[in-house]
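This report concerns only the one structure given below.
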Amino acid sequence: KLFLSQQADIRASAPAEKLSKLIEVFANYIKAPQRNLVTLLAISADDQKTLNVDQVPLLLKQQQGEKGEETVSCSNPVSIMIEIAKAAYLDEILFGKANSKERFEIESAIELSFNFASPEEHVAHLNQFLATRMFMVGHTISAADIVAFLHVADYFKELMDFQKIEQCHAFRWIDHIQHLPGLDNLIQSLGLFVSFPDENNSEPSKAQLKKLAKIQAAKEKKEAKKGGDKKPAEEKKEAPKEAQAAQEKPKKQKQQQQKPQQQKKPAVDPNLKDIQKVDIRVGRIIDVCKNPNSDKLYNERIDIGNGVIREIASGLQQHIPLEKMKDAMVVVIVNLKARKLADFMSQGMVLCASPADKSTIEF
């Protein structure tokens, strides 16, 4: 059984509503409900309280355990999609083989789609990423393509023709995905079909140019905030020496006033022990594979709760077998600065323990 939000909508800002619709579309794409592989149940907030469903989407799966048949719940969106694909024997096609590099890349791409601040930022990333690719991962459609498409299509279809052409790589990919069998009808029914630019269209109107100018101005303002606007400094250099000298005096005074503020640091409690500064959480390894560039590192995706997934590299290849890594409960330090290990960006550390002779290493 798959519990979804009654207000499921791919355009919704609320994560529960957006994710519910996304997973519903994925399930319908592989015809899981039609084949009675999963039952979709749209429930309201009141229904959630009555049924003791903490969050949606939520998958409840019956499976054989040590004490007979038992119910297992799953709330992670990626894990839900994998379970539905498994039921349809399509998990290796849409997600790659378990523990493979392809599986890891697909799951990472899906998580990335969930985390973009805006569709505009997402499209800009896709346009660059897909410059030399037909699909997100590999040479055929995967779950990563479906998830990314559903995140950006509504934004992209509202762009004017010349804006679509500017994002040519992203548009080529979008047009390809929306014409694939099985997806084309679903996309049409959701009102997400992106029309192709008409080459016979006249040049942009004044209104369109005005809109584009506003977009460009907003973009430049955003970039100026990030990198600092250097133009005023350049203009000052070109000013007459007399005016420049007059400006430098108050400028120096202003810098002297600001300097003490910049040097101030938040007070640190001298009685705080080092161990109290460490943010330690319990997590579950939901995916793991060997780092292709190292014979010591595993690349792991760890669920640390509240829907947060951390990607962490651990030097455990020589100590713990790959099959014992998957689904293992681990203790993780999560407030370390991210660093690249063998071309993999690690966002934390998995803690392990060993006896004095270091004969074994365990989580």
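The letter at position 182 of the sequence shown is residue 182 when you use full-length UniProt numbering, and the numbering goes up by one with no holes.
For glycine and all other residues, C-beta sits at the position ideal for the given N, C-alpha and C.
Residue i burial status per 10 Å Cβ neighbour count (16 or more: buried)
i, result
"residue 288", "buried"
"residue 38", "buried"
"residue 353", "exposed"
"residue 77", "buried"
"residue 57", "buried"
"residue 166", "exposed"
"residue 337", "exposed"
"residue 356", "exposed"
"residue 346", "buried"
Cα-Cα separation, residue i to residue j
i, j, result
"residue 43", "residue 6", "5 Å"
"residue 376", "residue 60", "Examination of residue 376 is not possible in this model, given that the chain is present from 1 through 363 alone."
"residue 329", "residue 173", "38 Å"
"residue 220", "residue 189", "37 Å"
"residue 238", "residue 224", "Summary for residue 238: the model assigns pLDDT 46, below 50, so the residue's position carries little reliability, and this model does not support an answer."
"residue 16", "residue 3", "11 Å"
"residue 159", "residue 196", "11 Å"
"residue 177", "residue 315", "39 Å"
"residue 129", "residue 350", "30 Å"
"residue 194", "residue 358", "59 Å"
"residue 34", "residue 93", "19 Å"
Proximity below 8 Å, CB of residue i to CB of residue j
i, j, result
"residue 192", "residue 164", "no"
"residue 148", "residue 109", "yes"
"residue 170", "residue 126", "yes"
"residue 318", "residue 296", "yes"
"residue 106", "residue 131", "no"
"residue 284", "residue 343", "no"
Cβ separation of residue i and residue j, assumed to be a contact under 8 Å, to the nearest whole Å
i, j, result
"residue 18", "residue 10", "6 Å"
"residue 80", "residue 23", "6 Å"
"residue 41", "residue 27", "Residue 41 to residue 27, Cβ: 12 Å. No contact."
"residue 99", "residue 322", "6 Å"
"residue 186", "residue 332", "38 Å between Cβ atoms; not a contact."
"residue 119", "residue 152", "5 Å"
"residue 334", "residue 301", "With a Cβ gap of about 14 Å, residue 334 and residue 301 do not count as contacting."
"residue 320", "residue 348", "Their Cβ separation, rounded to whole angstroms, is 17 Å, which puts residue 320 and residue 348 out of contact at 8 Å."
"residue 32", "residue 21", "Actually they do not touch by this definition, with Cβ atoms about 15 Å apart."
Helix, strand or coil at residue i according to DSSP, with G and I counted as helix
i, result
"residue 25", "helix"
"residue 4", "strand"
"residue 81", "helix"
"residue 299", "strand"
"residue 243", "Here residue 243 scores only 48 on pLDDT, less than 50, and its place in the model should not be relied on; the value that follows carries that caveat. Helix, per DSSP."
"residue 41", "strand"
"residue 70", "strand"
"residue 311", "strand"
"residue 137", "coil"
"residue 349", "strand"
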